[in-house]
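Accompanying notes for the structure given below.
Structure (C-alpha cells):
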C-alpha cells in the first residue's frame with residue numbers, strides 16, 4: 016500500500032452560508048492523506064494506471 020500526503024495546502028475561496036462569506040471569501044487549509052495501491056502504475060509505467068487527482 017502506498018501513501019501520498021499533501022500537507023498545509025492553503026487556498027482562498029468564496030463559500031459559506033452568509034452573503035458576506037460568499038462576497039469576502041476566506042482562507043482554507045487542508046491536509047490530505049491517501050492510501051492506495053500504485054503497484055500497477057509501477058509495473059506498467061502507463062499513465063492511465065496512475066492516480067487521477069481529479070477523482071479525490
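In the numbering used here, the protein residues as written are 16 to 71. Backbone N, C-alpha and C define an ideal beta-carbon position, used for all residues, glycine too.
- List the DSSP bridge partners of residue 41. 28
- Query: By Cβ distance, which residues of its chain are closer than 6 Å to residue 20, with the 5 residues on each side in sequence left out?
  - Reply: Exclusion of the five residues before and after residue 20 leaves 48 as the residues of its chain whose Cβ lies within less than 6 Å of its Cβ.
- Item | In DSSP terms, what residue 66 is bridged to | In the DSSP output, where bridge partners are listed per residue, residue 66 has none listed.
- Message: I'd like to confirm the pairing. Which residues does DSSP put opposite residue 16 in its beta bridges?
- Response: According to DSSP, residue 16 bridges with nothing at all.
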